[in-house]
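Structure record follows, encoded as structure tokens.
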Amino acid sequence: MRQASTILSIDTPGRGFTDITRAMAEWLAGVGIEEGLVTLLCRHTSASLLIQENAAREVRVDLANWLDRLAPEGGHYVHDDEGPDDMPAHLKTVLTGVNLQIPVIDGQMALGTWQGIYLAEHRKRPHRREIAVHVMGD
Amino acid sequence: MRQASTILSIDTPGRGFTDITRAMAEWLAGVGIEEGLVTLLCRHTSASLLIQENAAREVRVDLANWLDRLAPEGGHYVHDDEGPDDMPAHLKTVLTGVNLQIPVIDGQMALGTWQGIYLAEHRKRPHRREIAVHVMGD
Amino acid sequence: MRQASTILSIDTPGRGFTDITRAMAEWLAGVGIEEGLVTLLCRHTSASLLIQENAAREVRVDLANWLDRLAPEGGHYVHDDEGPDDMPAHLKTVLTGVNLQIPVIDGQMALGTWQGIYLAEHRKRPHRREIAVHVMGD
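Protein chains in written order, with our numbering: chain A, 34 to 171; chain B, 34 to 171; chain C, 34 to 171.
Written out as structure tokens, the structure reads:
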């Protein structure tokens with residue numbers, strides 16, 4: 034049984050979803066674990082991680098709009114000194130979460146056919162985001 | 034230290050919550066881990082996993098209604114070619130999440146007294162759902 | 034490779050967020066793991082765990098108000114026999130989640146600079162809450 038960990042840096046183009054499934058699979062192939070557990074932690078409070086549909090792009094359009102409705106700008110927030118998109122970004126991060134765990138079976142992440150791993154950027158402007166990644170197994 | 038993993042298949046009766054606590058406990062007893070960590074990943078984008086109250090059935094009725102209010106059908110979604118309940122199902126999956134982790138202490142999952150593990154089906158019709166399960170410990 | 038687990042007891046002052054980052058770091062230092070994975074499970078259905086901004090207190094004020102809007106009291110719930118704040122507390126727990134996982138790198142939890150670990154109490158009155166904590170690594 035052994036483990037490996039790294040910090041993955043991802044540049045986001047601003048509000049939206051960046052597919053990191055391939056980056057994760059490549060890192061995992063380099064480590065060479067056949068059975069185990071992968072963990073991701075997004076190290077930010079206005080960006081998050083989620084697993085969602087990787088086929089229809091429209092799903093992510095609807096998801097972004099829905100998050101905007103649930104956590105709108107102009108919501109009379111007390112915390113408003115970092116711009117109108119900052120507090121909504123914190124709320125969207127809480128709703129979607131900063132953690133993911135994926136079992137590794139037969140050398141592959143045990144994702145479903147239609148599942149992709151996404152980094153969700155909730156600020157309007159581009160950011161460089163860090164994800165702590167850990168795997169344990171053999 | 035050792036590990037085990039499997040794919041659990043669960044038939045859902047359509048929209049609602051299926052208690053999988055016993056199925057998980059039985060699988061874990063078969064593996065025979067005394068201390069460790071259990072991970073679950075729902076391999077779908079319109080069904081999810083959550084831990085909630087296992088006593089009052091009304092809690093799950095209210096939860097289903099609340100999810101319907103937060104992610105309603107007829108919400109002018111761009112993605113609507115898989116039926117009116119499809120995009121709401123994706124949104125409910127994002128809100129509730131597809132991952133759970135449960136420490137194993139003294140041979141038992143360290144759940145609270147009132148906690149049960151539920152597979153949440155967000156589509157109206159019955160589906161067969163797969164959950165990737167992994168345990169590591171000794 | 035080794036592991037350790039414990040049940041952490043936290044007294045909450047009622048509705049709000051209690052920073053447990055230091056308690057977690059102290060427990061971890063006592064265990065002495067350099068690289069590994071920490072898992073937390075809140076053993077309740079009306080309190081939860083989240084990682085959020087540890088600097089501006091106003092973020093947590095806005096977060097509490099936002100949760101109140103998404104899961105309001107007086108929402109015509111079927112389950113109302115444990116008080117008006119009970120069903121909203123279950124819903125807020127589902128939205129925020131009861132699990133966290135944090136990679137340990139170089140002997141420290143790999144949290145971002147502005148991230149703190151919070152126990153979120155969703156009931157109005159003070160409660161003693163239990164968190165199952167597990168770490169694995171070496």
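The beta carbon of each residue, even a glycine, is placed where N, CA and C say it ideally should be.
Predicted, not measured: the structure shown is a model, and the values here were computed from it.
- Residue pairing by DSSP places residue 151 of chain C opposite C:52, C:83 in a beta bridge.
- The criterion of a C-beta distance shorter than 7 Å is satisfied by residue 138 of chain B and residue 38 of chain C.
- Remark: C-beta atoms of residue 54 of chain B and residue 149 of chain B approach each other more closely than 7 Å.
- Distance from the CA atom of residue 123 of chain C to the CA atom of residue 171 of chain A, rounded to whole angstroms, is 38 Å.
- In the DSSP secondary-structure assignment, residue 41 of chain B is bridged to B:164.
- For residue 143 of chain A, at least one C-beta of chain B is nearer than 7 Å to its own C-beta.
- DSSP links residue 71 of chain A through a beta bridge to A:135, A:168.
- Using a Cβ-Cβ cut-off of 8 Å, residue 105 of chain A is close to nothing in chain B; its nearest Cβ partner there is about 14 Å away.
- Around residue 91 of chain A, the beta-carbon contacts reaching into chain B at under 9 Å are 110, 111, 112, 113, 114, 120.
- Closest option to residue 166 of chain C, judged by alpha-carbon separation, among C:132, C:103, C:155: C:132.
- Taking 8 Å as the upper bound for CB-CB distance, residue 153 of chain A and residue 82 of chain A are in contact here, some 7 Å apart.
- Per DSSP, reduced to three states, the secondary structure at residue 35 of chain A is strand.
- Close to chain C, meaning a Cβ-Cβ distance shorter than 8 Å, are the following residues of the stretch 150–167 of chain A: 163, 165, 166, 167.
- Its chain contains 41, 73, 75 as the residues whose beta carbon lies nearer than 6 Å to that of residue 164 of chain B, once the 5 sequence neighbours on both sides are disregarded; these appear in chain order.
- Residue 98 of chain A and residue 108 of chain B have their C-alpha atoms spaced approximately 11 Å apart.
- For residue 169 of chain C, the residues of chain B that pass the 9 Å Cβ criterion are 34, 69, 70, 169, 170, in the order they occur in the chain.
- Contact fails between the stretch 111–129 of chain B and the stretch 63–71 of chain B, because fewer than three Cβ pairs, one in each stretch, are under 8 Å apart.
- When the alpha-carbon of residue 43 of chain C is set against those of C:57, C:36, C:35, the nearest one is in C:57.
- The Cβ of residue 60 of chain A sits no closer than 7 Å to any Cβ of chain B.
- Residue pairing for residue 142 of chain B: DSSP places it in a beta bridge opposite B:137.
- With fewer than 16 other CB atoms across the displayed protein chains lying within 10 angstroms of its CB, residue 59 of chain C is exposed.
- Taking C-beta atoms as the reference points, residue 45 of chain C and residue 160 of chain C count as a pair closer than 7 Å.
- Counting the other Cβ atoms within 10 Å of the Cβ of residue 80 of chain B gives 16 or more, which makes it buried.
- When the five nearest sequence neighbours on each side are left out, the beta carbons in the same chain lying within less than 8 Å of the beta carbon of residue 96 of chain A are those of 50, 85, in order along the chain.
- Around residue 130 of chain B, the beta-carbon contacts reaching into chain C at under 8 Å are 130.
- Any Cβ of chain C closer than 7 Å to the Cβ of residue 135 of chain B would place that residue at the interface, and such an atom is present.
- Looking at the backbone, the Cα of residue 169 of chain A and that of residue 147 of chain A are separated by about 25 Å.
- Distance from the CA of residue 100 of chain C to the CA of residue 63 of chain B, rounded to the nearest whole angstrom, comes to 41 Å.
- Put simply, the CB of residue 74 of chain B is near chain A, with a gap under 7 Å to one of its CB atoms.
- Between residue 140 of chain C and the set C:52, C:47, C:71, the nearest pair of CA atoms involves C:71.
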